Each structure stands twice: as structure tokens, then as C-alpha cells.
Amino acid sequence: MAREIAKAYQPQQIEPHWAEFWVKQALFKADPNAPGPVFSIVIPPPNVTGSLHIGHMLEHTEIDILTRWHRMRGFNTLYLPGTDHAGISTQRVVVKYLADQGIDYHKLGREEFEKRVWKWKEEAGGQITQQMKGIGESCDWSRERFTLSPEMSRTVREVFVRLYEEKFIYRATGLVNWCPVCLTVLSDLEVAHEERQGHLWHIQYPVVGTKECLTVATTRPETMLGDTAVAVHPEDERYKHLVGKKALLPLMKREIPIIADEMVDREFGTGAVKITPAHDPNDFETGKRHQLAEIDVMTDDAHMNANAGEYAGLDRFEARKKIVEDLQAQGLLLKIADHTSAIGLCERSKTIVEPRVSTQWFCKMKELAAPAIKAVEEYEPGKANTILIVPDNRRTEYLNWMHNIRDWTISRQLWWGHRLPAWYCKEHQHITVARETPAKCGTCGSTTLEQDPDVLDTWFSSGLWPFSTLGWPEKTVDYRTYYPTTLLITGYDILFFWAARMIMMGIHFTGQVPFATVYLHALVRTGTGEKMSKSKGTGRDPVALNQQYGTDAMRFCLASMAAPGTDIILSDDKLASARNFANKIWNAARFLFVNLDKFEQSGARLEELASPEVRAKAPCAAGGKIPLVDAWLFARLAATIDMVNDALANYRFHEAAQGVYQFFWGDFCDWYIEWVKPELQSADRERATAAWKNLFAALDAALRLLHPFMPFLTEELWHQLPQAAGANSIALGPFPEAESRWKNADALRDVAQIQEVVTALRAIRAEFRQLDARKKVEAAFSTADRATEGLIRANREALERFAVLSELRIVSKDNFDAQSGAVRSTAAFDVRVVYAETVDAGAEKTRLRRESEGLQKAIASKERQLGDKTFRSRAPEKIIKGLEAMLAQQKIELEKLQRRLGDLDGDSSQAAGT
RNA sequence: AGGCCCGUAGCUCAGUUGGUUAGAGCGCUACCUUGACACGGUAGAGGUCUGGGGUUCGAGUCCCCACGGGCCUACCA
22 MAREIAKAYQ PQQIEPHWAE FWVKQALFKA DPNAPGPVFS IVIPPPNVTG
72 SLHIGHMLEH TEIDILTRWH RMRGFNTLYL PGTDHAGIST QRVVVKYLAD
122 QGIDYHKLGR EEFEKRVWKW KEEAGGQITQ QMKGIGESCD WSRERFTLSP
172 EMSRTVREVF VRLYEEKFIY RATGLVNWCP VCLTVLSDLE VAHEERQGHL
222 WHIQYPVVGT KECLTVATTR PETMLGDTAV AVHPEDERYK HLVGKKALLP
272 LMKREIPIIA DEMVDREFGT GAVKITPAHD PNDFETGKRH QLAEIDVMTD
322 DAHMNANAGE YAGLDRFEAR KKIVEDLQAQ GLLLKIADHT SAIGLCERSK
372 TIVEPRVSTQ WFCKMKELAA PAIKAVEEYE PGKANTILIV PDNRRTEYLN
422 WMHNIRDWTI SRQLWWGHRL PAWYCKEHQH ITVARETPAK CGTCGSTTLE
472 QDPDVLDTWF SSGLWPFSTL GWPEKTVDYR TYYPTTLLIT GYDILFFWAA
522 RMIMMGIHFT GQVPFATVYL HALVRTGTGE KMSKSKGTGR DPVALNQQYG
572 TDAMRFCLAS MAAPGTDIIL SDDKLASARN FANKIWNAAR FLFVNLDKFE
622 QSGARLEELA SPEVRAKAPC AAGGKIPLVD AWLFARLAAT IDMVNDALAN
672 YRFHEAAQGV YQFFWGDFCD WYIEWVKPEL QSADRERATA AWKNLFAALD
722 AALRLLHPFM PFLTEELWHQ LPQAAGANSI ALGPFPEAES RWKNADALRD
772 VAQIQEVVTA LRAIRAEFRQ LDARKKVEAA FSTADRATEG LIRANREALE
822 RFAVLSELRI VSKDNFDAQS GAVRSTAAFD VRVVYAETVD AGAEKTRLRR
872 ESEGLQKAIA SKERQLGDKT FRSRAPEKII KGLEAMLAQQ KIELEKLQRR
922 LGDLDGDSSQ AAGT
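For the first sequence, the positions run 22 to 935 when the numbering used here is used.
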């Protein structure tokens, strides 16, 4: 069965096939009745507006690696996909989309607009899920969810009504964050702070009935139009005499009281503060204490309104400019000082947020937060209903924020989202909150009801995600089986937005934590350290990169950099290196297939080589015993499996990735395959068969080990293995076990010894610049240790091949010394390559000197330490013993080095003499 | 303002409870197109772990200070 197999791995040619296969076969559909412990994970729902960006790629890679790993190990596994309706984002996108077609969404009206968004969602909103399918994420697509679906709406209403009835949700008038571009109120979290260079304007307010002026300092002169007082500190001697008097508000010619309030910082500015209750949170509170009027001087879109007198109609920043000019003209502007302050920006539109008085819906948080704090604080491994947050420093962040949590503004002035289930009667504005549209007012019975036009913050519905997606409030089979979920993987940038709220809501409504562990992954940054962002044009399109390097390479690359707590900077170098790895795997398999044809021609049957029984017994013996290198390979494999399992269990993706990389490339390709090459073609039938059996068993296990990281490549290659015949997918497992019979410390030690000898011989060869790399030369080996001698003797063939030797002669110390040629020594052995051309004695001496200097230093430091009484009395026995053993070795080595140096000096002086 | 993180080879980063001569990938140098792979092979060069102080028998690892970089939270006008 001759195989056509491409010389280089071409991911583009195999990925679409398997991606489609996995979806069509519904291979990853969860079955609540399946055996095994449960592993369930819900996707952090990406925005429907979105397309896959590099951050998703990292997140989904981590989720998919863990999901596939668990599935292969026999867990009852669910990876639930879905998308978020993303209120503000989506509304902005569709408004713009309509505007591009000359349609003003206001004119469409709410109902029609919502229809258009749904239509847009059906047509364009599926992009990200299509991409996820294309990159082979092992989701259960039959359980895909959308945060604004009718089922989700029912859950949202249920939650809203209950929280209202429990008095968590309330409606109130307060000072809120207003985005003049998105035209909605924002929660505190949606306001991003940024330090900006600004000014502190000192403005003189004349005091009525005196010739004095009170100078106030402000960063926002335009808000003075809404001033209703000036405040000073009650104990400020400079101003005590003015308290109770009135100031004449410049430009507006309005008399406003001069009040005393503790909130004033005497040190800051002039110690006198203008009070604008309608446009500043502090002033709002001060206004409440002093019963001051709240004069809103702006419109929704941050232009000055009728309250702003002659400035009405101006944009807030134009107004600022004009006001400053006018004040200057009137001689009331005392000075302008530079001043930097953190200003609030709308997370979405990047507009400066305007603090504003408004009536909104809020959710009380303190009480909801308490059990969510407890769940994290009381975490212990295995303790029910507690949550582990990884990495640890995020846990501290979470706790800090939760301890200082403030009420959550949940209403939004948008059309796209879950509409508030609250109705007002026309007559009295009584509030009726209900699960179903009520027929009459719950208070007065009026039948003229109007529903609140607002929708809920997007995060309100995503906060219910882990249980809303599984059927809650019904106790469905899915809910009973898969809730609480096992794990949440998300970015630390939405720890508060999302994770914290899920924990609070989950505990409150289900009595259980929504997930046992939160793993917060890194952000992918650009070379300059910024977060990669499509809007800034600094992002890399993962789909294009997948196309270029292969999805598996991308996954492997991200995994190998995903050390917990460390942000990732992606580069083409790293992607290329991961692609090279994929190619290496491809070619290792290719080597097997190409040579298998030859072997089959000699009459071998595949079943004989790769039946399940053969694999169950691997490694297979030849001539009654397991060849050393085979024992070694499986020992390395077992160690790697243990390491990968341990690393993945602790979210140390980079360690797991580096472990499989090292095993496959370093151990399997560089040493094992090279070692057994001749055996595969051996005339000794039994030996060849054993080699083939072990090769197939090892590759089979290696592919399974690699599968969570590189699903496409491994699926493709695995299907070409003889043992895969008739099987459906490598993805269904099993994951290789680190068999106890594979563990073999002796084999590990022995092969390491042989590798050391090979490396020493190769290094000498490399020093002979004249020596053709392919020319076989003679070498001598000497050791004082009989076991080592036996080992080398038994593996002489392999050694000769690896070091390109005509013969490796094992000689006594005296015979060794009698020969000429370049030498390398360790404490355990000496090797000499016999070659007519001498090495560059000068270079050799330099190397030896440097090495012996290093050794001398190491020896001196060890002797010092071992000579120290305190060290001897306090250090653990193990450390002392280890140090002593190492010291003895180093001394032998040093002695050899120096003898060699002496020889070289002798040679050169002799040469000089003749 | 408070809190957190980072500063290790030319570059990007690992380095789990402090313990034997600090690792990887890329890049670099030399040699090798050997029948799996040049997206390859072999050998090598290269860091005393930002600086200073301290704890300790022993510190890249713990503590303090300084410098440099980043992030988060926050109603100082």
C-alpha cells in the first residue's frame, strides 16, 4: 500500500476536511447519560458583531486544549458555544451600517430597528461561530446559545423580577455616567480612566455687597453655568467671613450662596470650589446636603441647553473655549495653571463621559457580593462551593474590588437588548414589575400601562450565562448534569464585568458557585506592549495567520507562550517555529509511511505490527528482551505524559507545550528514529518487526498526546496509521497513560550516558576543520567503570553510526594514553578521535583553559561551602551528599583537563624545539 | 491617591516550596544538501539574573530602598 504523502505539511489542504468532519459527525455533542466524571465549560460568549481576533484565538485554544484533554481521558465533556448580543456594540455597528445606506435609525422607530438588527444578526452575526467551526473547536454545536434568544429572555425576566421583589433592584435618581455619543447611561466599569494634560482655571466670583472676589479653581469652566453655590472649608480662615454671603456667578449673573462644607480640600487650588450638582459627583452630594438646586446645562449629546443662556447650542468644548474667552474679556480669569487629571472615557466610543443627574435602575451589590467573597476567600482544594482563581494575584484583585463594590447601574437607553420588565401606569407612574406583560397596574389597577423603554446592561444577561444556557430555572437534565460548570477561562480584563457578576448571580440564584475554578488568561499584546486591537489597527487577524502558518501551529505557538500571569507578544518568528514543529511531526510520520512500504514488500502484515494487543504490550521485545533505546523512549514518553498531565491540571500550558515539543523533536526524532533506522530494515526479521511495532506504538501515543494542542495534524496522521483503521477519530481518545511498566530510571540513565559519549565524539570531530563530516574515522574509548564499559560495548554499533566512526575501540587507560588524536574527557570516561590532521592546538588550549577555570571556580566554591561548619550542621543531608559527589567528579575532570593541557604544552614545546 | 505585576543571553520569554556549573525558542558562528524533514542535521559562542542594602550556611528565587516599564481600581474640584 504505497502512500502519497507531501514532503512538507500543508495545513490548508487538510484543515477544512476535518473541521467539517467534526461538525458533521456531531462528534463533540455532549451526552448527559455518558459515563465518567463531568467536565463542562461554557464559552465566554463573543460579541455577535465580532470576528475572531487574536485574543479569542488564545482563549479558545486554551479552552479547547483542556476540553479535548478531558474528553480523551473519558470525562463526560461539554464545551458549550454561543454569542452575546452585546447591546451597545451591536447597536453602534448596526446604526452605522444603516447610516451608510442613508437610513436614520431614529426614523425607523424602535420596532423596525430591532427587526433590522435581528436581520443583520442572522446574516452577518454568524461570522465568529463559522470561524470557530473552521478552526476546529470541539464545541457541542447542538447546544449553541445566544444571550438575547427567547429562552434567555425568560431567564433574564425571572431574575429581574426576583431581584426586584427581594429589593435588590431599585429605581432612583442619581448622578450617573452619561455617554453623549452612545446616548446612554454607563456603569462605573464601562468608564475607562485616562490621564490627560488639562488646565486649572482660576475664576473670580464677585462677592455680592462687597468689593471682594472669591477665586475658584476649576478644570471644567463650562459647567459653571450650572453652578448653584461656592463652597469653602468651614475652618478656612481666609474665607470664614464670606460664608453665608452670596457670590455673583459670572456670565449668568446669578446670585449663589457661599457655603461651608467639609468636602473642600483647603490645599487644593484656591480652597474655594464652585458647586455644580448636576455635573459632578462630589457636587451632587454636596448639593444634597445643602438643598441646592440641580441645574443641568447640557443636552443628551453634550451641547449646552437652554439653561446655558447665550451659550445654548454650543458643544461643551466650544462652550468652554468661549466661556474662557469671555471671562478673560471681563477680567475675571485670574490665571490658567497646567493640571493633569484622570478623565473618564466611554469604553466603547472613547468619548469623554459626562456626569449627569438621571433616573435609572440600579442593583444593590453589597449583599450579593458577600457570599461571592466568601466563596473565593474560603477556597480550599476539594472544598465544595468554593472557587479557585488562577493566577493568585487576580484573586487579590477580585477580593479588593468586591469588598469595595458599589451599586450597579443596570438600565441602558438603547433599543437592542433585554427590555426591562417594568411598566408604569399613566395616571400615577406606579411601577409594576412582572414576568409577563401585565394587564393592569399592580398598585392602582390602571390599565393604561407603558413599558419602560430601557434595556438591561448586556452584562446583566451574560452574568447568568453558566446556568441560563443549561436551562435554568427549569431543573433540566443538562442543568443537573453540567451545572456547576467545571471551569471558566476568560481574560482578566473582564474579571469584574463578567466573572464577578456570574459568581454573585450564580450563588444567589442556584445556591451553587457557577464554576469551581476561574483561570484568567493573558492578553495578547503588540511589540510595544499595547493590547492588540482591531480598532487601533494593531491586531493580527488570526484567520489569516492560521491560513499562513496553520491553525495547529497557531494553537501550539499560543499555548507555548501561555504562562499564567504573563501577557503574550506574538511574532512571526514564533509562529514560524511552531509551524516548523508541525512540519517535523508530519515528516516523522512520513518517514514511517515511506519505509513501511519497503517493509511490507518483505511480507509483513500491518495487523501484526499495530494491533491493539501489540500496543497494549508495548514496548515489544526482540530476542527476548526490550532493546535499550525502546525502553528509554517509553520511559521518556511516560515522563512526558506525567508532566503534561500535571502542567495542564495547573493551567501551565507553556510547560505542557514545551514538554511535548522536547519529547517529539528531541527524543523521538533526533535520537529514537535515528537509532532504530537500520533495525527497521534489518534482515533479522524479529528485530525489524519489534522495531516497527514499537515505532507505531510510540507514534500512536505521541499523536494522542499532541492532539489537544494540534488537533488537525494529529487527526490526519492518526487516520493514516494502520491501527486507526475503522476508528472514528483520535479526538475521542483515549489519552495515553504513563504506564508504570514504561518507567525505567536505568534506561534513562544509560541512554543519557551514551548521548554524552556521542556528543563528546561529535564535538571532537567538529574541531577537525579538515575532517569531512561524512568520513568515518577511528575512535577510542576508555573508562574505569565496568558497567559503563559494558554499556558502551553493547551499543557500539549505534555509537559508531551516530559519531560517524569506522570503529570505536574500547581500550584500557594505558592503551588510550598511548594513542594520539584529540581527546574529550568527563569524570566517567575519555574519548579520543584518531585522525592524522591535528586540531588547532591553540584553540584547543583556549577551550581547555576556559573549561578548567570554570571547574576550578566551581570546585573552590564547593570546597568552601563543604568546609563551613554551619553549612554542614544546617544544610539537609541530601544537599551535602550531592555536593560531595559532584565535587569528586569535578576534581577528576579537572585533573584530566590539566593533564591534557600539560600534554599539549609538551607537544608544542617539542614542536618548537624541532 | 491606593493596589498589583514586570525588569534573567542580541530578541521574546521560562525558571513550582531559596540548595549542586541559570534554561528554551528565535537570531548568530562553523560544518553538513546523509533516502522523513534545509520549515532539516551536528557542534558552538553568548547572561551572574536593573542597581544598592538586608535575612540566610546558601538568594535569580524572601525582605527593604532606588531606578525603569506596564496594568488595575479611585467622585480631589
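Yeah, the Cβ is synthetic: ideal placement off N, Cα and C, and Gly gets one too. Treat the numbers as computed from the prediction; the structure is a model and nothing was measured.
Classification of residue i by the beta-carbon crowding that lies within 10 angstroms, buried from 16 upward
i: residue 50; result: exposed
i: residue 245; result: buried
i: residue 351; result: exposed
i: residue 465; result: exposed
i: residue 674; result: buried
i: residue 289; result: exposed
i: residue 9; result: The chain is shown only over 22 to 935; residue 9 falls outside these bounds and no answer can be derived.
i: residue 163; result: exposed
i: residue 751; result: buried
i: residue 404; result: exposed
i: residue 735; result: buried
i: residue 695; result: exposed
i: residue 153; result: buried
Between the CA atoms of residue j and residue i - distance to the nearest angstrom
i: residue 817; j: residue 829; result: 7 Å
i: residue 23; j: residue 620; result: Because the pLDDT of residue 23 is 47, which lies under 50, any placement of that residue in the model is unreliable, and the question is left without a value.
i: residue 200; j: residue 484; result: 23 Å
i: residue 796; j: residue 907; result: 37 Å
i: residue 941; j: residue 121; result: Absent from the structure is residue 941, since the part of the chain shown begins at 22 and ends at 935.
i: residue 339; j: residue 590; result: 41 Å
i: residue 543; j: residue 672; result: 12 Å
i: residue 109; j: residue 123; result: 21 Å
i: residue 580; j: residue 79; result: 8 Å
i: residue 142; j: residue 212; result: 27 Å
i: residue 292; j: residue 373; result: 26 Å
i: residue 704; j: residue 625; result: 13 Å
i: residue 234; j: residue 225; result: 6 Å
i: residue 756; j: residue 26; result: 26 Å
i: residue 72; j: residue 130; result: 28 Å
i: residue 515; j: residue 764; result: 44 Å
i: residue 379; j: residue 587; result: 41 Å
i: residue 692; j: residue 644; result: 22 Å
Bridge partner(s) assigned by DSSP for residue i
i: residue 564; result: The partner list for residue 564 (beta bridge, DSSP) is empty, contrary to what the question assumes.
i: residue 97; result: 59
Proximal residues to residue i (C-beta, below 6 Å), its chain only, five neighbours per side dropped
i: residue 266; result: 228, 279
i: residue 745; result: 739
i: residue 282; result: 252, 307
i: residue 637; result: none
i: residue 635; result: 714
Residues near residue i in its chain [Cβ-Cβ closer than 7 Å; skip 5 each side]
i: residue 525; result: 389, 390, 393
i: residue 715; result: 639, 640, 641, 651
i: residue 910; result: 848
i: residue 77; result: 67
i: residue 912; result: 880
i: residue 499; result: 53, 491, 492
i: residue 215; result: 363, 364, 366
Residues near residue i in its chain [Cβ-Cβ closer than 8 Å; skip 5 each side]
i: residue 449; result: 462, 464, 465, 467
i: residue 221; result: 238, 239, 240, 290, 357, 358, 359, 360
i: residue 922; result: 866, 869, 870, 873
i: residue 487; result: 63, 504, 505, 506, 509, 523, 527, 535, 536
i: residue 887; result: 893, 901, 904, 905, 908
### Query
With a cut-off of 8 Å, do at least 3 Cβ pairs link the stretch 457-465 to the stretch 227-242?
No, the stretch 457-465 is not in contact with the stretch 227-242.
### Query
Is the stretch 104-124 in contact with the stretch 179-188, if contact means three or more CB pairs nearer than 8 Å?
no
### Message
Three Cβ pairs or more, each shorter than 8 Å: is that satisfied between the stretch 805-816 and the stretch 875-882?
### Response
no
### Message
I want to know whether the stretch 87-100 touches the stretch 57-69 - three or more CB-CB distances under 8 Å.
### Response
Between the stretch 87-100 and the stretch 57-69, the count of C-beta pairs closer than 8 Å reaches three or more; the two stretches touch.
#### Entry: Segment contact flag, the stretch 431-446 with the stretch 468-482, C-beta cutoff 8 Å, min 3 pairs
With three or more CB-CB distances shorter than 8 Å, the stretch 431-446 counts as touching the stretch 468-482.
### Query
Is there contact here, the stretch 566-583 with the stretch 412-426, by at least three beta-carbon pairs under 8 Å?
When C-beta atoms of the stretch 566-583 are compared with those of the stretch 412-426, fewer than three pairs fall below 8 Å, so the two segments do not count as touching.
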